[in-house]
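Trainee: Just remember that this note's numbering sits 402 ahead of the position in the sequence shown, which is counted from 1.
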Amino acid sequence: MIKENHTAFSDFILLGYSELWDLQALVFVLFLTLYASIIIGNGLIIHITVTDPPLHTPMYFFLKSLSFLDICYTSVTLPQILTNLVVEKTNISFIGCAVQVYFLLLFGGIECLLLAAMAYDRYVAICNPLRYKLIMNRQFCQGLIFLSSGINMTFHIGQIYLVFNLPFCGSHEINSLFCDIPPLLELACADTYVNKITVLAAGVLFIVIPFFLIVASYVKILSVILKIPSVEGQKKIFSTCSAHLIVVSLFYGSATIVYLSPKTKESVNINKLLSLFYTVFVPVLNPIIYSLRNREVKVSLKKLFKRQM
């Protein structure tokens, strides 16, 4: 079936924001600036967490992994978006589309589970500090990353197989800036019930369950914070969690609406904007949020800039 679909037509057409053709140059500069900001900002986070010994802790191991994922995640979509802004034909090949969707889901799913792991790290550090080093050892942290990657790689191979075995016998114009499952299902001329069930299952596995684990971790953390008699002590502990809470709210909020909310004609443009939010704007904001809300990161960045001057 995949072969039949591929021979029926060779490309999908990404509509993107074609209605803003007069502003293409401005939009190109905007996205190029955002992409450069993602590479530089997250690259700096990776650099300081690798080279600065005080940041060789589980918390910053996860932060380094998050920054690496953000670079990979945006590199799946932004180069394609930038290319489409400077050429007349905004085509993507059938195989190229399948590859793009797979890696988009892969990196996005790993990031969801990574954010849950970061919440668990904060829970252990605050609620069980005496056993923190024993529990959050190097092997355990690396194991969480490998387990998350393995689950995502296996699950999304099956999901991609189901989607790209659908017959796309009508229009092949994707009303999005990049290939993604929701707009692809709109083009299929067959029953997509099974596909929608797998999307729902993926949403539960990679969005809902990790989100509830994060909420449970922070409920426990809040109960510990409230028992601290000193207001300054409460603020100090909460400051170590606030950056992560902001990132979780931005990423999960936009992803939940796109993948788990009912699809209507009116929601297409909203989902197009929100998909940009969690694939582009959140990776831009992550280094800024962690730099502004984390004293150790700010100290490490200052040391780096002083060495360069």
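No residue lacks a Cβ here, since even glycine has one placed at the ideal position from N, Cα and C. Every value quoted in this text rests on a predicted model; they were computed, and no experiment measured them.
Residues in its own chain within less than 8 Å of N407 by CB, not counting five upstream and five downstream?
Mentor: For this step, residue 407 is matched to residue 5 along the sequence shown. Its pLDDT being 47, under 50, N407 is placed unreliably in this model, and the coordinates cannot settle the point.
Trainee: Name the two residues that bound the continuous alpha helix (DSSP H) containing S693.
Mentor: Here residue 693 is taken as the residue at index 291 of the sequence shown, counted from 1. Element bounds for S693: 684-695.
Trainee: Can you grab the Cα-Cα spacing for the pair Y563 / G498, in whole Å?
Mentor: The sequence position of residue 563 within the sequence shown is 161, counting from 1. The sequence position of residue 498 within the sequence shown is 96, counting from 1. Y563 and G498: Cα-Cα distance of roughly 14 Å.
Trainee: Taking the straight line between their C-alpha atoms, what separation do you get for K638 and L471?
Mentor: If you number the sequence shown from 1, residue 638 lands on position 236. If you number the sequence shown from 1, residue 471 lands on position 69. A straight-line Cα-Cα distance of about 28 Å links K638 and L471.
Trainee: Does DSSP put D454 in a helix, in a strand, or in coil?
Mentor: Counting from one through the sequence shown, the residue named residue 454 turns up at place 52. Note: D454 maps to coil in three-state DSSP.
Trainee: Alpha carbon to alpha carbon, what distance is there between F640 and Y654?
Mentor: For the purposes of this step, residue 654 is taken as residue 252 along the sequence shown, with counting starting at 1. For the purposes of this step, residue 640 is taken as residue 238 along the sequence shown, with counting starting at 1. Between Y654 and F640, the alpha-carbon positions lie close to 20 Å from each other.
Trainee: Which parts of the region 505-566 are runs of the alpha helix (DSSP H), unbroken and 4 residues or longer, counting only runs that do not cross its ends?
Mentor: If only complete runs of 4 or more residues are kept, the region 505-566 shows the alpha helix (DSSP H) at 534-537, 540-565, in order along the chain.
Trainee: Hey, A518 and L546: beta-carbon distance below 7 Å or not?
Mentor: Translated into positions along the sequence shown, residue 518 becomes position 116. Translated into positions along the sequence shown, residue 546 becomes position 144. Going by beta carbons, A518 and L546 fall outside the 7 Å limit.
Trainee: Would I473 and N444 be called neighbours here (beta carbons separated by less than 7 Å)?
Mentor: Here residue 473 refers to the residue found at position 71 when the sequence shown is read from its first residue. Here residue 444 refers to the residue found at position 42 when the sequence shown is read from its first residue. The answer is yes: Cβ separation under 7 Å.
Trainee: Should C514 go down as buried or exposed, given a rule of 16 or more other Cβ atoms within 10 Å for buried?
Mentor: For the purposes of this step, residue 514 is identified with residue 112 of the sequence shown, where counting begins at 1. Label assigned to C514: buried.
Trainee: Bridge partners for N493 per DSSP, in chain order?
Mentor: Stepping through the sequence shown from its first residue, residue 493 is reached at position 91. Beta-bridge analysis with DSSP links N493 to I415.
Trainee: Tell me whether S467 is buried or exposed, calling it buried when 16 or more other Cβ atoms sit within 10 Å of its Cβ.
Mentor: Taking the sequence shown and counting its residues from 1, one reaches residue 467 at position 65. Under this definition S467 is a buried residue.
Trainee: Does DSSP put I630 in a helix, a strand or coil?
Mentor: Taking the sequence shown and counting its residues from 1, one reaches residue 630 at position 228. The answer is coil: DSSP assigns I630 none of H, G, I, E or B.
Trainee: Please name the residue, chosen from P631, V686, L694, that lies closest to V432 on a Cα-to-Cα basis.
Mentor: Taking the sequence shown and counting its residues from 1, one reaches residue 432 at position 30. The sequence as given places Leu at residue 432; Val does not occur at that position. The option with the nearest alpha carbon to L432 is V686.
Trainee: Could you give the uninterrupted runs of the alpha helix (DSSP H) lying entirely in the region 584-621, keeping only those of 4 residues or more?
Mentor: If we require 4 residues or more, the alpha helix (DSSP H) runs fully inside the region 584-621 come out as 595-605.
Trainee: Along the chain, where does the alpha helix (DSSP H) containing T485 start, and where does it finish?
Mentor: Translated into positions along the sequence shown, residue 485 becomes position 83. From DSSP, the alpha helix (DSSP H) with T485 extends over 460-488.
Trainee: Could you check whether P612 and M538 sit closer than 7 Å to each other, using their CB atoms as the reference points?
Mentor: The residue given as residue 538 occupies position 136 in the sequence shown. The residue given as residue 612 occupies position 210 in the sequence shown. The Cβ-Cβ distance between M538 and P612 does not fall below 7 Å.
Trainee: Could you check if L416 is buried or exposed, using at least 16 other CB atoms within 10 Å of its CB as the buried criterion?
Mentor: By 1-based counting over the sequence shown, the position of residue 416 is 14. The Cβ neighbour count for L416, taken over all protein chains shown within 10 Å, is at least 16; the residue is labelled buried.
Trainee: Skipping 5 residues on each side, what residues in its chain have a beta carbon closer than 8 Å to that of N577?
Mentor: The residue given as residue 577 occupies position 175 in the sequence shown. So the qualifying residues of the chain are L417, P585, E588, V670, K674.
Trainee: In angstroms, rounded to a whole number, what distance separates the CA positions of A590 and G572?
Mentor: For the purposes of this step, residue 590 is identified with residue 188 of the sequence shown, where counting begins at 1. For the purposes of this step, residue 572 is identified with residue 170 of the sequence shown, where counting begins at 1. Spanning the two alpha carbons is a distance of roughly 8 Å.
Trainee: Using the DSSP secondary-structure output, state which residues sit across from I576 in a beta bridge.
Mentor: Here the question's residue 576 lines up with position 174 in the sequence shown. Looking at the DSSP assignment, I576 forms a beta bridge with L416.
Trainee: From V501, S477, C529, pick the residue whose C-alpha is nearest to that of K629; which is it?
Mentor: Reading the sequence shown from its first residue, position 227 is the one you call residue 629. If we check each option's Cα against that of K629, C529 comes out closest.
Trainee: For C499, which three-state DSSP category applies?
Mentor: Along the sequence shown, one-based indexing puts residue 499 at 97. Three-state result, C499: helix.
Trainee: According to DSSP, simplified to helix, strand and coil, what is M403?
Mentor: The count along the sequence shown starts at 1 and reaches residue 403 at position 1. Per-residue confidence for M403 stands at a pLDDT of 43, beneath the threshold of 50, marking its modelled position as unreliable; the derived number appears in the next sentence. M403 falls in the coil class under three-state DSSP.
Trainee: Among residues of its own chain, excluding the 5 on either side of I404, which ones have a beta-carbon nearer than 7 Å to its beta-carbon?
Mentor: Residue 404 sits at position 2 when you count from the first residue of the sequence shown. For I404, the predicted structure reports a pLDDT of 47, less than 50, and the residue's modelled location is therefore unreliable. The matter cannot be settled from this model.
Trainee: Keeping to the same chain, check which residues put their C-beta closer than 8 Å to that of I659; ignore five residues upstream and five downstream.
Mentor: Position 257 of the sequence shown, counted from the first residue, corresponds to residue 659. Within the same chain, I659 has close Cβ partners I672, N673, L676.
Trainee: Can you have a look at T409 and say buried or exposed, based on whether 16 or more other CB atoms are within 10 angstroms of its CB?
Mentor: Locating residue 409 in the sequence shown gives position 7, where the first residue counts as 1. Per-residue confidence for T409 stands at a pLDDT of 43, beneath the threshold of 50, marking its modelled position as unreliable; no derived number is given.
Trainee: My guess is that L703 and L457 are in contact by the Cβ rule of under 8 Å, so how many angstroms apart are they, rounded?
Mentor: By 1-based counting over the sequence shown, the position of residue 703 is 301. By 1-based counting over the sequence shown, the position of residue 457 is 55. Not a contact, Cβ separation roughly 11 Å.
Trainee: Quick test of the definition: if touching needs 3 or more C-beta pairs under 8 Å, does the region 695-702 touch the region 616-623?
Mentor: no
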